[in-house]
């Protein structure tokens, strides 16, 4: 079964509902509560698919499950408040492992002001499966969707990209504080977190907004890890920055004047870089230092 | 690893948080939102532990995952609004199965006015694992906890109990409408849904309220399925009604006068029966038709 096909099916059969401002198909859902908006998202980590126990300790695993969900809330420009956790253990899982997993979950939630209010555990034959659902709060702000990018927008990204598999995929910081700051102080048009890879996640913005984009090859902030990884893989560091998943940085678009104001103020703890612009003509293009455009195909880690 | 021990650990390490009115350890969590209360719960169904694919079709499985979560919201006396679903498929799961599962989920959610707003899918080596998280709304009502039972309360239950494995475990109706009606029109002191078995779930109320109870053997509404099952198992039908899980009926306590008013009005679509009373002295007792008390031990399906 191909998951991307399945998700398309789910989106297609989804019925509109007046309380639901944004359903399946963004980083998180936006739901009208009795007197405000709720943001909801869920992350699933499956042993053998998303992690292997020989590479990832239980505390790190708990941390990652929570941090990935928080990153989805950040991608909406909102604040995270509450989490629910479900875990399917193997019957053979030792209690010590389960307790350390819980500690990873609780420590990470606490660090970002989030309370774990409930969940479920089950034990079975299978691989470990962890799902974390996080509830967020708009605090009166407008949630930032993938679908709002406009021709002429600057494309910006926080931090550096690529090579996260060398360690950052377990140590990344969800950009909650930065996202809320940006949403409060700038008029963001669209935003997503880079979980699948820059080109693939930008592709989601382009598709949902019905636009295209040009990325400036020279401006993409390639991480040192991408250079290190490139020596092993034979790919270029740029290619890693474009297609590696799990950077969990914010990718967002806003008008050029707003972007310039952001660059001038530089108020975030992590640098933000202008890496391209949105245009009306569809397709994703890379501009090299000579100004030559080359069409690229979104690539990265396809999960959902 | 014993899950009940693990959950005790999770409750013990849980830190109090001012926005959280009720965390781990009730049917659902109660969280203070910006301008109201949110109810949150999550259900997990693991193949091989909670169901077997040879007994349960994909539509029924989707139905059950949603309905069990809705029953938890009902147990709080609240309304369900929104659901998120995560599924770990086997890599070999056919698309047809996945689509029917989604249809079971969506049909059931729609029937109870709930919108599926998002989720996650993954494919792996393991057994099927489905988690459903449901968000509910108090509509200005007070959520009913397990911890409010008072000595002198009548103990009441909706519907009939026992033998659900013969079919009802896949066809049960979450008592959402009844629960909200009861919460709106009666002063309920405590409530839970019977997922693990009458005696075990009543045991949760007794433990959390610090009280004991007497059940009237003659009054317990034993279902026809319990009689049918008893013929096979050699246990008594009463024993099945006391200990079989997955009836998903409401078990609640309220003052005797309130209970009598409810019996007189009989306003619910499903009958409600007074089956015992709460008393100060701890322990769970069964009173036979001669008035003789016999101490019983809570038993049932221990999952969490």
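Chains as they are written, first to last, in my numbering: chain Y, 1 to 304; chain H, 1 to 304.
We put the CB at the ideal spot given by N, CA and C, even for glycine.
Would residue i pass as an interface residue toward chain Y - the criterion being a Cβ-Cβ separation below 8 Å?
| i | result |
| --- | --- |
| residue 303 (chain H) | Confidence is the limiting factor: at residue 303 (chain H) the pLDDT is only 43, short of 50, which leaves the residue's position unreliable, though a coordinate-based value still follows. Taking Cβ atoms only, chain Y reaches closer than 8 Å to residue 303 (chain H), which makes this a yes. |
| residue 20 (chain H) | yes |
| residue 207 (chain H) | no |
| residue 246 (chain H) | no |
| residue 102 (chain H) | yes |
| residue 24 (chain H) | yes |
| residue 41 (chain H) | yes |
| residue 44 (chain H) | yes |
| residue 95 (chain H) | yes |
| residue 149 (chain H) | no |
| residue 28 (chain H) | yes |
| residue 84 (chain H) | yes |
| residue 118 (chain H) | yes |
| residue 3 (chain H) | yes |
| residue 106 (chain H) | yes |
If I follow the unbroken alpha helix (DSSP H) through residue i, where does it start and stop?
| i | result |
| --- | --- |
| residue 201 (chain H) | 198-209 |
| residue 261 (chain H) | 256-265 |
| residue 290 (chain Y) | Here residue 290 (chain Y) belongs to no alpha helix (DSSP H), and DSSP marks it neither H nor E. |
| residue 76 (chain H) | First-last for residue 76 (chain H): undefined, no H or E at that position. |
| residue 108 (chain H) | 95-111 |
| residue 233 (chain Y) | 224-233 |
Assign residue i to one of two classes, buried (16 or more other C-beta atoms within 10 Å of its C-beta) or exposed (fewer than that).
| i | result |
| --- | --- |
| residue 280 (chain H) | exposed |
| residue 54 (chain H) | exposed |
| residue 143 (chain Y) | buried |
| residue 306 (chain Y) | Limits of chain Y in this structure are 1 at one end and 304 at the other, which puts residue 306 (chain Y) out of reach. |
| residue 18 (chain Y) | exposed |
| residue 96 (chain Y) | exposed |
| residue 233 (chain Y) | exposed |
| residue 247 (chain H) | buried |
| residue 149 (chain Y) | buried |
| residue 92 (chain H) | exposed |
| residue 298 (chain Y) | buried |
| residue 356 (chain Y) | As shown, chain Y starts at 1 and ends at 304. That puts residue 356 (chain Y) outside it, with no answer to give. |
| residue 256 (chain H) | exposed |
| residue 13 (chain Y) | exposed |
| residue 185 (chain Y) | exposed |
| residue 288 (chain H) | exposed |
| residue 260 (chain H) | exposed |
| residue 72 (chain H) | buried |
| residue 218 (chain Y) | exposed |
Using beta carbons (cut-off 8 Å, strictly below), is residue i in contact with chain H?
| i | result |
| --- | --- |
| residue 98 (chain Y) | yes |
| residue 74 (chain Y) | no |
| residue 13 (chain Y) | yes |
| residue 261 (chain Y) | no |
| residue 174 (chain Y) | no |
| residue 123 (chain Y) | yes |
| residue 282 (chain Y) | no |
| residue 7 (chain Y) | yes |
| residue 31 (chain Y) | yes |
| residue 56 (chain Y) | no |
| residue 127 (chain Y) | yes |
| residue 89 (chain Y) | yes |
| residue 38 (chain Y) | yes |
| residue 10 (chain Y) | yes |
| residue 62 (chain Y) | no |
| residue 255 (chain Y) | no |
Less than 8 Å between the CB atoms is what I'm expecting for residue i and residue j, so what's the real figure, rounded?
| i | j | result |
| --- | --- | --- |
| residue 61 (chain H) | residue 101 (chain H) | 6 Å |
| residue 85 (chain H) | residue 124 (chain H) | No, residue 85 (chain H) and residue 124 (chain H) are not in contact; Cβ-Cβ is about 17 Å, not under 8 Å. |
| residue 3 (chain Y) | residue 121 (chain H) | 5 Å |
In the DSSP assignment, find the beta strand (DSSP E) that holds residue i and state where it starts and stops.
| i | result |
| --- | --- |
| residue 297 (chain H) | Run containing residue 297 (chain H): none; DSSP gives neither H nor E here. |
| residue 279 (chain Y) | 272-279 |
| residue 316 (chain Y) | Outside the displayed range of chain Y (1 to 304) lies residue 316 (chain Y), so it cannot be described from this structure. |
| residue 50 (chain Y) | Premise fails: residue 50 (chain Y) is in no beta strand (DSSP E) and is neither H nor E. |
| residue 154 (chain H) | 154-158 |
| residue 22 (chain Y) | 20-22 |
| residue 216 (chain Y) | 212-216 |
| residue 195 (chain Y) | Looking at the DSSP string, residue 195 (chain Y) is not in any beta strand (DSSP E), and its letter there is neither H nor E. |
Is the segment 265-278 of chain Y in contact with the segment 152-161 of chain Y, if contact means three or more CB pairs nearer than 8 Å? The answer is yes - the segment 152-161 of chain Y touches the segment 265-278 of chain Y, with three or more Cβ pairs under 8 Å.
Could you tell me whether the segment 171-181 of chain Y touches the segment 55-74 of chain Y, using the rule of 3 or more Cβ pairs below 8 Å? Segments in contact, yes.
Do the segment 77-85 of chain H and the segment 124-139 of chain H touch if we need at least three Cβ pairs shorter than 8 Å? By the C-beta criterion, the segment 77-85 of chain H is judged to be in contact with the segment 124-139 of chain H, since at least 3 inter-stretch pairs fall below 8 Å.
Contact between the segment 174-191 of chain Y and the segment 283-302 of chain Y: three or more CB pairs below 8 Å? Not touching, per the Cβ criterion.
State whether the segment 255-266 of chain H contacts the segment 159-170 of chain H, with contact taken as three or more CB pairs (one from each stretch) at a distance under 8 Å. The segment 255-266 of chain H, when compared against the segment 159-170 of chain H, does not touch it at the 8 Å Cβ threshold.
Given 8 Å, three or more beta-carbon pairs between the segment 219-228 of chain H and the segment 237-246 of chain H: Contact between the segment 219-228 of chain H and the segment 237-246 of chain H is present, because at least three Cβ pairs lie under 8 Å.
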